[in-house]
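K.L.:
Let me begin by handing over the structure; questions about it come next.
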DNA sequence: AAAACGGGGCC
DNA sequence: GGCCCAGTTTT
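Residue numbers (our numbering): 6 to 344.
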């Protein structure tokens with residue numbers, strides 16, 4: 006790996022940083038989490054934004070901070086209710102870990118989000134990115150917050166051809182940020198890097214003509230935007246066939262809870278069994294659900310005996326349980342069937 | 001280092 | 001169908 010300093014030979018750091026921060030202060034989008042300095046709310050936004058688009062997060066952020074406005078409120082809540090506020094966002098361990106972390110903040114730090122790096126980064130669900138993001142945005146500390154946007158922007162600007170899919174590459178980008186970060190406004194620098202990646206320096210067809218730092222950009226000078234960043238691709242996803250069994254009795258429905266670890270941990274569903282050639286009951290229809298790493302194809306059957314491992318739940322109770330989007334799709338199918 | 005972990009939007 | 005998204009934890 007090339008030492009980080011070599012990327013800064015003949016590179017005007019001052020111009021890059023000054024222009025980036027000025028652009029961010031001028032062009033930033035108005036977002037709910039930019040209206041606050043509350044470290045707890047900023048922390049929530051950063052967890053929600055992991056692998057999730059801004060437009061998706063906005064309504065969830067507003068509902069969540071409205072229902073759980075302080076660390077005390079989240080720490081005291083039932084996990085099932087917290088999950089309902091996360092339902093549909095995906096990566097459900099994020100919010101389980103967040104609640105655990107917030108409970109620790111309440112119990113050990115009086116509900117004050119720690120501003121000491123070694124303490125904050127030790128909390129559940131808080132990795133290198135979230136540490137840098139919260140410490141810089143909420144507390145003004147000059148820490149790098151390297152996400153996918155930052156790696157894309159800096160790989161292009163500096164001509165870094167390391168594979169961004171390799172875990173150790175992140176450290177190179179963190180070192181690069183340390184070289185560049187505006188010590189007077191680390192928050193605007195880090196957010197500017199991410200904002201530029203989100204709205205100008207996009208993965209495909211970046212709008213280089215509108216870029217505030219195109220003057221100093223390695224890729225723009227060589228027309229190499231298309232080959233950066235370098236990222237190795239992963240294999241294709243596998244498809245799994247399931248049957249979902251729907252049993253109703255006296256206005257109640259039979260549902261099971263998924264195991265407390267693994268995919269969709271703890272969420273409720275119609276019993277899901279490996280698909281077989283045998284008839285299960287009356288065929289209702291099928292749904293397809295695509296995860297990032299696998300595909301479910303689920304055939305839905307109505308059955309006349311209660312499946313093992315299920316509990317009968319009335320409608321009012323069922324709607325309070327967290328369910329997956331796949332389960333929502335099945336519910337929609339059943340609703341259409343009866344109309 | 002690689003896999004697991006959701007869901008949606010875009011081409 | 002593949003890629004990407006304000007990543008972290010587990011294996």
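From the three backbone atoms N, C-alpha and C, an ideal C-beta is built for every residue, glycine too.
Treat the numbers as computed from the prediction; the structure is a model and nothing was measured.
I'd like the list of long-range same chain contacts for residue 125, defined as Cβ closer than 8 Å, with 5 residues on each side in sequence excluded.
P.N.:
Excluding sequence neighbours, residue 125 sits near 118, 119, 131, 136, 139 and 140.
K.L.:
Using the Cα positions of residue 226 and residue 210, report the straight-line distance between them to the nearest angstrom.
P.N.:
Looking at the two C-alpha atoms, the distance is approximately 16 Å.
K.L.:
On the three-state DSSP scale, how would you describe residue 110?
P.N.:
Helix, per DSSP.
K.L.:
Which same chain residues, not among the five before or five after residue 53, have their C-beta less than 7 Å away from its C-beta?
P.N.:
Closer than 7 Å at Cβ, skipping near neighbours: 62, 65, 66 and 94.
K.L.:
Using a Cβ-Cβ cutoff of less than 8 Å, which residues in the same chain neighbour residue 104 once the five nearest sequence positions on both sides are dropped?
P.N.:
Excluding positions up to five away in sequence, the list reads 79, 80, 82, 84 and 87.
K.L.:
What does residue 317 pair with, by DSSP beta-bridge criteria?
P.N.:
259.
K.L.:
Output yes or no for whether 8 Å exceeds the beta carbon distance between residue 319 and residue 257.
P.N.:
Result yes, Cβ atoms of residue 319 and residue 257 sit closer than 8 Å.
K.L.:
For residue 248, count neighbouring Cβ atoms within 10 angstroms of its own Cβ and tell me buried if that reaches 16, exposed if not.
P.N.:
That one is buried.
K.L.:
With a threshold of 8 Å, are at least 3 pairs of Cβ atoms found where one atom belongs to the stretch 233-247 and the other to the stretch 295-308?
P.N.:
Judged by Cβ distances under 8 Å, the stretch 233-247 makes contact with the stretch 295-308, as three or more pairs qualify.
K.L.:
Less than 8 Å between C-beta atoms, sequence neighbours within five positions excluded: which residues of the same chain meet that for residue 157?
P.N.:
The answer, listed in chain order, is 169, 202, 206, 208, 233 and 234.
K.L.:
For residue 250 and residue 289, which I take to be in contact (beta-carbon distance under 8 Å), what is that distance rounded to the nearest angstrom?
P.N.:
Going by Cβ atoms, the distance from residue 250 to residue 289 rounds to 10 Å, so no, they are not a contact pair.
K.L.:
State yes or no: is the C-beta of residue 193 within less than 8 Å of the C-beta of residue 26?
P.N.:
In this structure, residue 26 lies closer than 8 Å to residue 193 by Cβ.
K.L.:
Have a look at 260, 144 and 22 and flag the residue whose alpha-carbon is nearest the alpha-carbon of residue 308.
P.N.:
Selected option, being the one with the closest Cα: 260.
K.L.:
Just to confirm the assignment, what range does the alpha helix (DSSP H) spanning residue 181 have?
P.N.:
It spans 174-185 - the alpha helix (DSSP H) in which residue 181 sits, taken as one unbroken run.
K.L.:
Let's see if you can read the secondary structure: which residues bound the alpha helix (DSSP H) around residue 25?
P.N.:
Where residue 25 is concerned, the enclosing alpha helix (DSSP H) stretches over 18-32.
K.L.:
Taking the alpha helix (DSSP H) that residue 336 falls in, what are its first and last residues?
P.N.:
Its alpha helix (DSSP H) spans residues 330-342.
K.L.:
Please work out which residues of its chain come closer than 6 Å, Cβ to Cβ, to residue 89, disregarding the five sequence neighbours upstream and downstream, and give them in chain order.
P.N.:
Within the same chain, residue 89 has close Cβ partners 327.
K.L.:
With 16 as the cutoff for other CB atoms within 10 Å, does residue 183 come out buried or exposed?
P.N.:
With fewer than 16 Cβ atoms within 10 Å of its Cβ, residue 183 is classed as exposed.
K.L.:
Rounding to the nearest angstrom, what Cα-Cα distance links residue 159 and residue 38 in this structure?
P.N.:
If I take the Cα positions, the gap works out to 25 Å.
K.L.:
Between the stretch 7-20 and the stretch 108-117, can you find at least three pairs of beta-carbon atoms closer than 8 Å?
P.N.:
Contact fails: fewer than three Cβ-Cβ distances are below 8 Å.
K.L.:
Here's a check: name, in chain order, each residue in its chain whose Cβ is nearer than 8 Å to the Cβ of residue 191, leaving out the five neighbours to either side.
P.N.:
The residues are 141, 145, 146, 147 and 148.
K.L.:
Identify, in the order they occur along the chain, each residue of the same chain with its Cβ nearer than 6 Å to the Cβ of residue 212, setting aside the five sequence neighbours on each side.
P.N.:
So the list reads 205, once near-sequence residues are dropped.
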